[in-house]
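Scroll down for the structure; my scribbles are underneath it.
2 protein chains.
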Amino acid sequence: MADAPDASGTADPASPADETGPAVSPAASKAPGARTGARAAVPHAARHGGRPHAGRPTMKDVAARAGVGLKTVSRVVNGEAGVSSDTERRVQEAITSLGFRRNDSARVLRKGTTASIGLVVEDLADPFYSPLSRAVEEVARAHGALLINGSSAEDPERERELALALCARRVDGLVIVPAGDDHRYLAPEITAGVATVFLDRPPGRIEADMVLSDSFEGARSGVAHLIAHGHRRIGFIGDRPGIHTAKERLRGYRAAMAEAGLPVSEPWVALGPTGSDRVRADAARMLDGSAGTAPVTAVFSGNNRVTVTLVRVLAEPERRGRPVALVGFDDFELADLLSPPVTVIAQDPADLGRSAAELLFRRLDGADDPPRALSRPTKLIARGSGEIPPLD
Amino acid sequence: MADAPDASGTADPASPADETGPAVSPAASKAPGARTGARAAVPHAARHGGRPHAGRPTMKDVAARAGVGLKTVSRVVNGEAGVSSDTERRVQEAITSLGFRRNDSARVLRKGTTASIGLVVEDLADPFYSPLSRAVEEVARAHGALLINGSSAEDPERERELALALCARRVDGLVIVPAGDDHRYLAPEITAGVATVFLDRPPGRIEADMVLSDSFEGARSGVAHLIAHGHRRIGFIGDRPGIHTAKERLRGYRAAMAEAGLPVSEPWVALGPTGSDRVRADAARMLDGSAGTAPVTAVFSGNNRVTVTLVRVLAEPERRGRPVALVGFDDFELADLLSPPVTVIAQDPADLGRSAAELLFRRLDGADDPPRALSRPTKLIARGSGEIPPLD
DNA sequence: TGGGGACTGGACAACGTTGTCAGAAGTGGC
DNA sequence: GCCACTTCTGACAACGTTGTCCAGTCCCCA
Numbered sequence: 021m022a023d024a025p026d027a028s029g030t031a032d033p034a035s036p037a038d039e040t041g042p043a044v045s046p047a048a049s050k051a052p053g054a055r056t057g058a059r060a061a062v063p064h065a066a067r068h069g070g071r072p073h074a075g076r077p078t079m080k081d082v083a084a085r086a087g088v089g090l091k092t093v094s095r096v097v098n099g100e101a102g103v104s105s106d107t108e109r110r111v112q113e114a115i116t117s118l119g120f121r122r123n124d125s126a127r128v129l130r131k132g133t134t135a136s137i138g139l140v141v142e143d144l145a146d147p148f149y150s151p152l153s154r155a156v157e158e159v160a161r162a163h164g165a166l167l168i169n170g171s172s173a174e175d176p177e178r179e180r181e182l183a184l185a186l187c188a189r190r191v192d193g194l195v196i197v198p199a200g201d202d203h204r205y206l207a208p209e210i211t212a213g214v215a216t217v218f219l220d221r222p223p224g225r226i227e228a229d230m231v232l233s234d235s236f237e238g239a240r241s242g243v244a245h246l247i248a249h250g251h252r253r254i255g256f257i258g259d260r261p262g263i264h265t266a267k268e269r270l271r272g273y274r275a276a277m278a279e280a281g282l283p284v285s286e287p288w289v290a291l292g293p294t295g296s297d298r299v300r301a302d303a304a305r306m307l308d309g310s311a312g313t314a315p316v317t318a319v320f321s322g323n324n325r326v327t328v329t330l331v332r333v334l335a336e337p338e339r340r341g342r343p344v345a346l347v348g349f350d351d352f353e354l355a356d357l358l359s360p361p362v363t364v365i366a367q368d369p370a371d372l373g374r375s376a377a378e379l380l381f382r383r384l385d386g387a388d389d390p391p392r393a394l395s396r397p398t399k400l401i402a403r404g405s406g407e408i409p410p411l412d
Numbered sequence: 021m022a023d024a025p026d027a028s029g030t031a032d033p034a035s036p037a038d039e040t041g042p043a044v045s046p047a048a049s050k051a052p053g054a055r056t057g058a059r060a061a062v063p064h065a066a067r068h069g070g071r072p073h074a075g076r077p078t079m080k081d082v083a084a085r086a087g088v089g090l091k092t093v094s095r096v097v098n099g100e101a102g103v104s105s106d107t108e109r110r111v112q113e114a115i116t117s118l119g120f121r122r123n124d125s126a127r128v129l130r131k132g133t134t135a136s137i138g139l140v141v142e143d144l145a146d147p148f149y150s151p152l153s154r155a156v157e158e159v160a161r162a163h164g165a166l167l168i169n170g171s172s173a174e175d176p177e178r179e180r181e182l183a184l185a186l187c188a189r190r191v192d193g194l195v196i197v198p199a200g201d202d203h204r205y206l207a208p209e210i211t212a213g214v215a216t217v218f219l220d221r222p223p224g225r226i227e228a229d230m231v232l233s234d235s236f237e238g239a240r241s242g243v244a245h246l247i248a249h250g251h252r253r254i255g256f257i258g259d260r261p262g263i264h265t266a267k268e269r270l271r272g273y274r275a276a277m278a279e280a281g282l283p284v285s286e287p288w289v290a291l292g293p294t295g296s297d298r299v300r301a302d303a304a305r306m307l308d309g310s311a312g313t314a315p316v317t318a319v320f321s322g323n324n325r326v327t328v329t330l331v332r333v334l335a336e337p338e339r340r341g342r343p344v345a346l347v348g349f350d351d352f353e354l355a356d357l358l359s360p361p362v363t364v365i366a367q368d369p370a371d372l373g374r375s376a377a378e379l380l381f382r383r384l385d386g387a388d389d390p391p392r393a394l395s396r397p398t399k400l401i402a403r404g405s406g407e408i409p410p411l412d
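Same order as they appear, the protein sequences are chains A and B.
Counting with this note's numbering, you get residues 21 to 412 for the letters of the first sequence.
Counting with this note's numbering, you get residues 21 to 412 for the letters of the second sequence.
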């Protein structure tokens, strides 16, 4: 019974598709004047009446307006062949006059592909992750895909929520900077076809593509650099111990010390959250010496955030008298203009993002080879702070 | 009738939902080895064969597996009341054993709301926009919405493409840092119910909500600060003249100069892209004096990117002899650690993002009042570079 | 004038979910 | 034993699009 009136309804040029379905009656009753003419006259009146997109024209409306079939509109909208130029013109007119825009949700449902990828990072605002996000976005754009992204705030549960929400949206692929160390929750998704690339840190308890910087070698070479400049008591301040890169960098630190035959006093090593309070406390402890341990003459910093705090600590007036050498993992803007300029182990965040995204799209294009782990090299950039000799 | 064979099919753990629909035949022919058994045995073999999510279990599959009706599954998935705990348990079992995840595309189509908002900025990697994005994301998250974002690269056409693509995805709302100056293209979308807030710059030729920093007053006070420290020849280097904030800040500069009765030589004013080459050239021109114009003794910088380049220019050895005062619009990390520390007109990007997002969600919650323009104050932070006295 | 091919247009089902509505099963009172 | 009621369940349509398939229409050539 629904069909007959429905069909005649769409033949009507100004077809109120609304009125057939009971679902939209609230919207219809709230904005009854929303006829073609009235709509233009009162821009803000009915704007937020019902559901956000209630009352949007559909292809059916366009078809009725142009006096053609539904599929013909679809063809025009998608630039498919097989529509005479005259018909096309009529359809285009109807489209612009109704303000029609294709509903991609419906398209996605039908086609099974969303042309969007998800990105989960720790913090979108972190100067390490923002160029990385941008690079992923550029690659996505080049492939005609949109980017949906979120910050995990280094919380495994939030990472999981985000990743699964993205999967529920049926993103075509996922780039994840993992916060947690167990990603079995993604197994069904990967099996179902969500291409997944882990970035900066490896996946936990699951096999998948990954793109990592060589944290171990980077840290090793940075600490070796300090040793080469005469330091024998070197501190390490890094990110939380659960984080893979923190562990790897610590391992690099220990390796460099071991290679040089230098002992490591445990008070010289501090892992933890990168908030400035914690870093300041740990720095103070190792710089001033404590519990019978001699103070360090150099510090290796595990990342970006830590380095910036350390730069502040070392710049404090009371520390000026006894210069301490510093090498930091991650480059950062203006590092070269500080005094002393900061020696760093540089990664290229944009390159990491680009590599991960390209790997992802290779998968989406059908690459079937087993998961691979890409390692990107780091580069020591000597600027001054890492070349300060020890005082004693 | 369709149910009986279907049910038996889905009872099979590795149900080949593919093979029932003709829609997937092209995919099947593309990856002919993608047989059912192979999938389980070789996890990565058939993974990217067809459409990304082909063969995912649906509610129908879950229902068949649990021996219940479709709607009951829907009820369980959405935590609706009216399901006995025994039935719920059976459904939950079926869900986990099949690895079912609700398809939000279908949900969106049905419900008309996507629980996602779009954000268009100039450059996600810019240290001004990344905390802003993060703030928008936080607010979105608090409202249970995801964030889809993109960079316009300051290209109006690209901004338009992005914004319309987001509308086609039926985002519930849109936060835009506009690149262009004509947003009439958004009128049909706004009419259709896409809540839209413009951020950092006003919309062009359209009425809509906006959240702006007080660029005029900020620049005026910054230049007045330089004047108060004795400068009479002050340069202004800003962003491209098409950009609203650039114009406003220039206007503030001129106002401060006029208030002090100081003339402005046109070579002291330079607008253009923020790439370092252009800024360096303009800086050199006004610092060295040219064509009978005396060199400036202070520079006011129109933004973040320009300031950083100017800091580098002023730090060059050959410029050290003649210190030049500098005040920059936008604060930036480590500004206080440079020598001299940089005096800035600070905006709070996170606050801007938060305000815009909150305004957006107010609209989505039904607020119907006319579009409003929020102005956020700026704050002068004197650190040293802006207090350098003029040489002559 | 008729027949074949090329082109154009439209009816219909399907994608996976949720809202509506009605039916079935269970409970208690009389 | 029956009715009224509540609680639970499922059939069905609809959301707006695209793929399939068939039916016209037009033109050209024989």
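Just so you know, even glycine gets a beta-carbon here, dropped at the ideal spot from N, CA and C.
- Not a single C-beta of chain B is nearer than 8 Å to the C-beta of A:Ser321.
- Put simply, the CB of B:Arg271 is far from chain A, with every gap to its CB atoms at 8 Å or more.
- With respect to chain B, the C-beta atom of A:Leu380 has no partner C-beta closer than 8 Å.
- In this structure, A:Thr329 is the residue among A:Ala183, A:Asn169, A:Thr329 with its C-alpha nearest to the C-alpha of A:Asp297.
- When Cβ pairs closer than 8 Å are counted between the two stretches, the segment 327-341 of chain B is seen to touch the segment 355-375 of chain B, the count reaching three or more.
- In terms of Cβ geometry, A:Val197 and A:Val159 do not form a close pair [threshold 8 Å].
- Using a Cβ-Cβ distance cut-off of 8 Å, the segment 154-170 of chain B and the segment 162-181 of chain A are in contact, since at least three pairs of beta carbons, one from each stretch, lie closer than that value.
- Contact between the segment 374-390 of chain B and the segment 334-353 of chain B is absent: fewer than 3 CB-CB pairs across the two stretches fall below 8 Å.
- In terms of beta-carbon proximity, A:Leu129 lines the interface with chain B, with at least one pair separated by less than 8 Å.
- Of all residues in the segment 158-180 of chain B, only Leu166, Leu167, Ile168, Asn169, Gly170, Ser171 come within less than 7 Å of chain A when Cβ atoms are compared, listed by chain position.
- According to the DSSP secondary-structure assignment, A:Phe381 is paired through a beta bridge with no residue.
- Excluding the 5 residues flanking it on each side, B:Val289 has same chain C-beta neighbours closer than 6 Å at Phe256, in chain order.
- B:Leu358 carries a coil assignment under DSSP once its states are collapsed to helix, strand and coil.
- With contacts defined as CB atoms closer than 8 Å, A:Gly242 and A:Val347 qualify as a contacting pair.
- Ala207, Pro208, Glu209, Ile210, Thr211, Ala212, Gly213: these are the residues of the segment 200-213 of chain B whose beta carbon lies less than 9 Å from some beta carbon of chain A, given in chain order.
- Only residues of its own chain outside the window of five on either side were considered, and among them Arg225, Ile226 have a CB closer than 7 Å to the CB of B:Arg204, listed in chain order.
- Taking 9 Å as the cut-off between beta carbons, the residues of the segment 140-159 of chain A near chain B are Asp143, Leu144, Ala145, Asp146, Pro147, Tyr149, Ser150, Pro151, Leu152, Ser153, Arg154, Ala155, Glu157, Glu158, in sequence order.
- DSSP places A:Ser153 outside any beta strand (DSSP E); the residue lies instead in the alpha helix (DSSP H), whose first and last residues are 149-162.
- Counted as a single uninterrupted DSSP element, the alpha helix (DSSP H) harbouring B:Thr92 occupies residues 90-97.
- The residues Pro287, in chain order, have a CB closer than 8 Å to that of A:Ser310 in the same chain once the five nearest residues on each side in sequence are set aside.
- The contact set of B:Ala188 on chain A, defined by CB atoms closer than 8 Å, consists of Arg121, Arg122, Asn123, Asp124 in chain order.
- The Cβ-Cβ distance between A:Arg269 and A:Ala239 falls below 8 Å.
- Non-local C-beta neighbours of A:Ile401 in its own chain, meaning closer than 7 Å and more than five positions away in sequence, comprise Asp351, Thr363, Val364, Ala366, ordered along the chain.
- B:Ala345 sits away from B:Leu282, with the two beta carbons spaced by 8 Å or more.
- At a Cβ-Cβ threshold of 8 Å, B:Arg271 and B:Phe218 do not count as neighbours.
- Residue contact check for A:Arg332 against chain B: a CB pair falls below 8 Å.
- In the DSSP assignment, A:Phe218 is bridged to A:Ile196, A:Met230.
- Taking B:Pro410 as the centre and dropping the five residues before and after it, the same chain places the C-beta of Gly250, His251, Thr317 closer than 6 Å to its C-beta, in chain order.
- Interface annotation, B:Val328: in contact with chain A, CB-CB separation under 8 Å.
- The criterion of a C-beta distance shorter than 8 Å is not satisfied by A:Val156 and A:Leu182.
- Taking a C-beta distance under 8 Å as the contact criterion, A:Pro151 and A:Ala370 qualify as a contact pair.
- Here B:Ala84 is buried. Its C-beta has 16 or more other C-beta atoms within 10 Å.
- By the C-beta density criterion, B:Asp388 is exposed, having fewer than 16 other C-beta atoms within 10 angstroms.
- The continuous alpha helix (DSSP H) containing B:Ile247 extends over residues 235-248.
- The residue from A:Lys80, A:Ala86, A:Pro147, A:Asp412 with its alpha-carbon nearest to that of A:Arg342 is A:Asp412.
- Sixteen is the threshold: when 16 or more other Cβ atoms of the shown chains lie within 10 Å of the Cβ of B:Lys267, as they do, the residue is buried.
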